[in-house]
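J.: Using full-length UniProt numbering, you'd call the opening residue of the sequence shown number 1 and step up by one each time. Think of the CB as a built atom: it goes at the ideal place given N, C-alpha and C, for glycine as much as any other residue.
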Amino acid sequence: MKNEAIVPFKINIPEEDIADLKRRLEQTRFTDEIDNAGWDYGTNLGYLKQLVQYWLTEFDWRTEENALNEFEQYKTNIDGLDLHFVHQNQTTKRKNPSTDPWLARFIYGVFKNYWSSH
Numbered sequence: 001m002k003n004e005a006i007v008p009f010k011i012n013i014p015e016e017d018i019a020d021l022k023r024r025l026e027q028t029r030f031t032d033e034i035d036n037a038g039w040d041y042g043t044n045l046g047y048l049k050q051l052v053q054y055w056l057t058e059f060d061w062r063t064e065e066n067a068l069n070e071f072e073q074y075k076t077n078i079d080g081l082d083l084h085f086v087h088q089n090q091t092t093k094r095k096n097p098s099t100d101p102w103l104a105r106f107i108y109g110v111f112k113n114y115w116s117s118h
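Set out below in structure tokens:
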């Protein structure tokens, strides 16, 4: 994107990309962990193995993609920097009203990104 036009955006992960990620997760080679290290030297090995298993067998890409797409999302380019942003009117009704409080948290800067607040 090379101009400052604001264009609507929807997340649409190609099925081939999801299949590729799953193949790579299945081929993950875990390193050994220092005895009783916990989180002192990086990610805990037990946690990482559970997380990889979750992404392989439980995480539903399409459900998450649909939930994220309930937000009004846009892309633009400002001074050569591509930006992806949400412009959500507080009165807009979404399928999942539990995400409505995100706006107040966003204004006060309590979370890292709009999705982590839901």
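Counting only runs that start and end within the UniProt domain "Epoxide hydrolase N-terminal" (7 to 95), where is the beta strand (DSSP E) found for 3 or more residues in a row?
T.: The qualifying runs are 7 to 9, 73 to 78, 81 to 86.
J.: With a cut-off of 8 Å, do at least 3 Cβ pairs link the stretch 65 to 72 to the stretch 30 to 41?
T.: No, they do not touch.
J.: If you drop the 5 nearest sequence neighbours on each side, which residues of the same chain put their C-beta closer than 8 Å to that of residue 78?
T.: By 1-based counting over the sequence shown, the position of residue 78 is 78. The answer, listed in chain order, is 4.
J.: Report the rounded CA-to-CA distance for residue 49 versus residue 63, giving the unit in angstroms.
T.: Residue numbering aside, residue 49 sits at position 49 when the sequence shown is read from its first letter. Residue numbering aside, residue 63 sits at position 63 when the sequence shown is read from its first letter. Spanning the two alpha carbons is a distance of roughly 23 Å.
J.: Count the C-beta pairs between the stretch 22 to 29 and the stretch 43 to 60 that are closer than 8 Å, then say yes if the count reaches three, no if not.
T.: With a cut-off of 8 Å, the stretch 43 to 60 and the stretch 22 to 29 count as touching, because enough Cβ pairs lie within range.
J.: Below 8 Å on the Cβ atoms is my contact criterion, and I expect residue 75 with residue 84 to pass it. Report the Cβ-Cβ distance as a whole number of Å.
T.: The sequence position of residue 75 within the sequence shown is 75, counting from 1. The sequence position of residue 84 within the sequence shown is 84, counting from 1. Going by Cβ atoms, the distance from residue 75 to residue 84 rounds to 5 Å, so yes, they are a contact pair.
J.: Do you know whose CA, among 73, 80, 81, 59, lies nearest residue 18's CA?
T.: What you label residue 18 is simply residue 18 of the sequence shown in a count that begins at 1. Residue 59 is the option with its Cα nearest to residue 18.
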